[in-house]
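See structure below.
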Ligand SMILES: [Zn+2]
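Numbering (the working numbering), first residue to last: 37 to 433.
Structure follows, in structure tokens:
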């Protein structure tokens with residue numbers, strides 16, 4: 037046993053106190069602000085604990101407000117040239133970030149998993165983005181005026197509703213498999229049940245955003261693959277979304293996980309081919325190879341592929357953002373293309389979402405959590421909205 041001198045012990049104690057204050061209550065600095073991929077990205081010089089961030093929304097006009105406690109601005113003019121964003125030293129130890137928008141929007145900020153010192157705030161998009169002008173506090177007169185204008189707008193909205201033309205266009209959601217076709221089955225859990233749960237959540241999310249929705253199945257029943265796209269054609273849907281979950285053989289179970297979004301296209305990628313083969317199994321029975329390739333070829337070259345690719349990118353991005361805002365280690369399987377039979381014959385932008393691997397123990401557990409499912413559904417719905425907004429702009433200009 038070694039006797040430690042009292043002074044030495046005191047020094048160690050003092051050092052501990054100093055270092056812990058530095059670690060946990062040291063003042064943070066917002067050192068950099070930039071806009072990337074439609075997000076406001078804030079960079080701090082220290083680790084940013086979640087409890088130091090307060091996020092709330094204000095009305096009239098709609099604003100998203102973020103207070104960063106225990107934080108100082110490195111430079112007063114840090115957001116000088118950024119539209120609709122104000123950043124200020126609100127209190128001596130609070131930095132306030134205010135994002136203005138035309139209408140309230142679903143703002144899901146997040147901390148990227150790998151960088152502990154940054155914070156990303158998605159900005160409003162499209163027509164929701166405000167023109168670059170300063171917001172003045174309304175006087176009483178102005179307030180009355182805006183009240184009147186709002187009343188008129190409300191009446192107008194009722195007459196011309198839905199405001200955005202794409203809001204009246206139908207979206208078909210296809211929950212994969214069903215009935216005797218269970219899809220992947222691992223650990224007592226079935227793909228057909230999981231995808232129906234997520235499809236129902238997606239239905240709610242889309243309806244909430246004003247989209248009419250049609251479900252290829254709402255209960256546990258079997259549908260042939262061509263029937264599914266035929267429904268989309270008959271209903272003249274604007275978008276077709278098929279929902280599935282992935283699975284790999286036992287020996288790879290702990291290794292492979294993640295979210296993948298597919299659009300229809302032939303591929304040389306072996307992994308995509310394998311996934312497509314598994315999902316296509318129920319339809320390929322009895323079809324000869326020649327007629328299969330003839331049908332595939334006829335649909336693989338349409339302009340729909342470009343639109344499907346865009347839709348896939350938008351949906352995938354929003355799913356990842358939503359999931360990663362709440363869960364660590366969600367693997368990004370990316371946007372890929374594969375010859376999925378269910379997407380063949382759909383004459384509209386069509387994607388197939390593999391929401392995760394039910395063969396992966398941890399991911400399977402998450403996939404059956406309501407909160408996780410909700411984030412997937414919300415992500416897909418936001419992606420569809422993004423896609424339709426952008427497409428409308430393409431048509432308009
Ligand atoms: Zn499937």
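Yeah, the Cβ is synthetic: ideal placement off N, Cα and C, and Gly gets one too. The structure presented is a predicted model; accordingly, all values stated were derived computationally and were not measured.
Under the DSSP definition of a beta bridge, which residues are partnered with residue i?
i, result
"residue 215", "Paired residues: none, contrary to the question."
"residue 370", "296"
"residue 71", "76"
"residue 81", "None, per the DSSP bridge assignment."
"residue 65", "108"
"residue 386", "276"
Applying the criterion that 16 or more other CB atoms from any shown protein chain within 10 Å of the CB defines a buried residue, is residue i buried or exposed?
i, result
"residue 358", "buried"
"residue 94", "exposed"
"residue 405", "exposed"
"residue 228", "buried"
"residue 20", "Because residue 20 is not part of the residues shown, which for the chain are 37 to 433, the question remains open."
"residue 144", "buried"
"residue 117", "exposed"
"residue 196", "Because the pLDDT of residue 196 is 39, which lies under 50, any placement of that residue in the model is unreliable, and the number read from its coordinates should be weighed accordingly. That one is exposed."
"residue 337", "Confidence in residue 337 is poor, its pLDDT being 46 and thus under 50, which makes the residue's placement too unreliable to answer from."
"residue 129", "exposed"
"residue 199", "Low confidence applies here, because residue 199 scores a pLDDT of 40, under 50, leaving its location unreliable; read the following figure in that light. Exposed, by the Cβ-count rule."
"residue 107", "buried"
Relative to the alpha-carbon of residue i, which residue among the options has its alpha-carbon at the smallest distance?
i, options, result
"residue 164", "119, 373 and 92", "119"
"residue 274", "249, 206 and 313", "206"
"residue 416", "130, 428 and 296", "296"
"residue 126", "142, 113 and 103", "103"
"residue 86", "69, 75, 155 and 74", "155"
"residue 427", "216, 291 and 345", "345"
"residue 204", "236, 72, 271 and 83", "271"
"residue 72", "157, 269, 252 and 368", "157"
"residue 62", "68, 74 and 80", "80"
Checklist entry - What residue ranges within the region 253-277 form continuous alpha helix (DSSP H) runs of no fewer than 4 residues, ordered along the chain? => result 261-270
Item to check | the region 253-272 touching the region 360-368, judged by at least three CB pairs closer than 8 Å | outcome: No: the two stretches stay apart, fewer than three of their Cβ pairs being nearer than 8 Å.
Checklist entry - Counting Cβ pairs closer than 8 Å, one from the region 216-226 and one from the region 276-287, do we hit at least three? => result yes
Item to check | At least three beta-carbon pairs within less than 8 Å, the region 394-413 to the region 131-141 | outcome: no
Checklist entry - Hey, which unbroken runs of the beta strand (DSSP E) at 3 residues or more fall wholly within the region 86-171? => result 89-94, 99-105, 107-109, 121-127, 130-136 and 154-158
Checklist entry - Is it a yes or a no for the region 238-253 touching the region 345-359, going by three-plus beta-carbon pairs under 8 Å? => result The region 238-253 is not in contact with the region 345-359.
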